[in-house]
Structures are given as structure tokens and as C-alpha cells.
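Numbering (my numbering), first residue to last: 265 to 598.
Beta carbons: idealized from backbone N, C-alpha and C, even for Gly.
Remember, predicted model here, so these are calculated numbers, not experimental data.
As C-alpha cells, the structure follows; a few thoughts come after it.
As C-alpha cells, then:
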């Protein structure tokens, strides 16, 4: 049953949290919050406590502080972009006039819309690392539900953002929308507008990650020993596989060096609370594995799961002992 649009007065009310299904592709229908549009890829609905993480789009940032505005105006756009990137190995996010345009596009798209439909891409990938729901956002327009995520790309407000995987449900639609926008030189593809100038580099990086994730998913079809740490039940599944060999996909969040004796540890994080540690007792293995070069990148790890109790917190932690460099695989071209 569809939700009825609310009268304007009710935009000021707070709604109780709805029952969100743990699995399945449809989260449900929700009321847009008052001042719902934060930027081109961040919106709020009244019934959820955090903003939504919109899947497969990544619009440029808006000017949220005076310092960035002053830097942009004083340096000029080209020098501003150089200053923002600095010595970073990878492209960076920063505020741009294109980010402001993307926000205005979102406002216009959702103008007059009170109820949106939220859907997932994958039944087990529910929230991002910051606890925000991952979602496609549909608005009811001209008698049908329209996918904002795809339309933002079609309008040139964002590239097809594949940093965390290809879309399982709408890949072809995203590819076609991006090709259409690029051919028509809309938004970020318009050379006359002020936007990031390194989209080819971004797309190579993101697509290399997405190809790697796809290979892991294809290899793990029908197998319960292949565990993606972005799945909501990943830690429970790892616990169920203690003393058994598994294949794990996750991003390297941090490397911990011992103060004196002890192993080097690399953390693969699912959330701020849940981590799996890769344990290196052999420094040569650690160096040959090159785990330091892949902080914030995906790795595919093979090994036996075990647990230990952390001395300070007394919490039970999950770990995999790395005895050979070839237990860890990386995306090609990174």
C-alpha cells in the first residue's frame, strides 16, 4: 500500500522508526524530511535518523565553509583543484560550482514530492560504514516510479560510481545514462563548466575495484565460505566458520605495529564496531604481502578464522593468520 502524501503542516512532526526489513530489496515508502536535500547525493527522510547513502552516485561537494569559498575565489578554479589534491595518490573530493549545481538539480527533481520509495541493490548490504541506509530513491512522477540515482547520472550530475561494486540491478541503465550524458556534454562532462577534471582517472580506479569485487562474487556463488564484510551478517558468518578456511572480501582500514614484541595486525573493517584482523608474525611475509600499499582498498583474503580475547577491552576478536603472501589478493591496476 502506498503512503499518502502529508499536508505541509506535518513536515514538522517526528515519525517513529519504521520496521525496516532485514533482507529483501524493498525498504518501503518514506516521507521526505523538511529541507530534505543536503546536496546532490545526500537526502533525508523523516522516518530514519540518518541521511541516506544514495547508491552508485557521487556528486561533487557543495561549499559548506567560508574557507573553501575564499580559496576558490582567490586562487582560481585550476589552482584550487591542485591545492585540494595536494600530494594525494588518489583523486579527492572537494567543493565545486558543479556540486552546487547538483544540489539544485536534486531540489528540482524532488520538488512537489512528499513520498519516496527506497530500495536496495543487494539484500544483505543494508548500511554503509557510518550506519547510513544504502538506497536507490524513487519518486512517483507521471504515473510511474522514477529512479533518481539513474536520472542524476543521465543529467551529468555524477558519474556511474562503482567504487564499491557495479550495480547488480541496474548496471546497464547506469552505463547507458552515463554514455548519454557524456555524449551530450551534460554537467560534469561539459568542458566549459567548473568541475573535477580527473573523471577518467576516477573511473579507472573505481572500475578496477568493481571488477575485483565482481570476480569475488562470481567465485563465491552458492558457497557459504565466501564472506563479504559489507554484508550485514558477515561477522556472524565468520563466527560460524571459526577453525575453518574462508575467503573474505573487505577493505584494509588500518595497520597496527607492535610497541615491542608481537605481530603486526591489519584491520579489515565492516563497521566502526566490527573488525577482522589479519595477523602477521613474520615481517618478511608482511612486507611481501604489501598490505600497507592497499590501505582503504579491497583485498581478498584466504585463511582459517580464529578468535582471541583482547587484553584491554576483554572483547572476543576475529582473526586470520597470514603465513604466506599469496593468501592476499588485490585488484589489478591499483
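| message | Going by DSSP in three states, residue 562 sits in which element: helix, strand or coil? | response | As a working mapping, residue 562 is identified with position 298 in the chain shown. Residue 562 falls in the strand class under three-state DSSP.
| field | Continuous beta strand (DSSP E) stretch holding residue 581: start and end | value | Residue 581 sits at position 317 when you count from the first residue of the chain shown. Its beta strand (DSSP E) spans residues 580-585.
| residue 319: buried (16+ other C-beta within 10 angstroms of its C-beta) or exposed? | Here residue 319 corresponds to residue number 55 of the chain shown, with the count starting at 1. It counts as buried.
| Would you report the Cα separation of residue 401 and residue 293, rounded to the nearest angstrom? | By 1-based counting over the chain shown, the position of residue 401 is 137. By 1-based counting over the chain shown, the position of residue 293 is 29. Rounded to whole angstroms, residue 401 to residue 293 spans 10 Å at the Cα level.
| said: If we require 4 or more residues per run, which alpha helix (DSSP H) segments fall completely within the segment 383-441? | reply: 412-418
| task | Could you say which of 381, 471, 543 lies nearest to residue 572 if we only look at CA atoms? | result | Indexing the chain shown from 1 puts residue 572 at position 308. Ranking 381, 471, 543 by Cα distance to residue 572 puts 543 first.
| query | Do the segment 333-353 and the segment 428-448 meet, that is, are 3 or more Cβ pairs less than 8 Å apart? | reply | no
| task | Would you check if the distance between the CB atom of residue 412 and the CB atom of residue 373 is smaller than 8 Å? | result | On the chain shown, position 148 is the one that residue 412 refers to. On the chain shown, position 109 is the one that residue 373 refers to. Against a cut-off of 8 Å, the Cβ pair of residue 373 and residue 412 comes out as a contact.
| query | With DSSP run on the structure shown, which of helix, strand or coil describes residue 354? | reply | Counting from 1 along the chain shown, the entry for residue 354 is found at position 90. Looking at residue 354 - three-state DSSP - the assignment turns out to be coil, as it is neither helix nor strand.
| task | Pick out whichever of 445, 503, 458 has its Cα sitting closest to the Cα of residue 326. | result | In the chain shown, the residue the question calls residue 326 occupies position 62. Ranking the options by Cα distance to residue 326, first place goes to 458.
| request: Could you tell me which residues DSSP pairs with residue 295 in its beta bridges? | output: Taking the first residue of the chain shown as position 1, residue 295 is located at position 31. Its beta-bridge partners are 379.
| Between the CA atoms of residue 355 and residue 491 - distance to the nearest angstrom | Taking the first residue of the chain shown as position 1, residue 491 is located at position 227. Taking the first residue of the chain shown as position 1, residue 355 is located at position 91. Distance between the alpha carbons of residue 491 and residue 355 is about 29 Å.
| task | Rounded to whole angstroms, what's the CA-CA distance from residue 426 to residue 592? Just pull it up for me. | result | By one-based count along the chain shown, residue 426 stands at place 162. By one-based count along the chain shown, residue 592 stands at place 328. Rounded to the nearest angstrom, the two C-alpha atoms are 22 Å apart.
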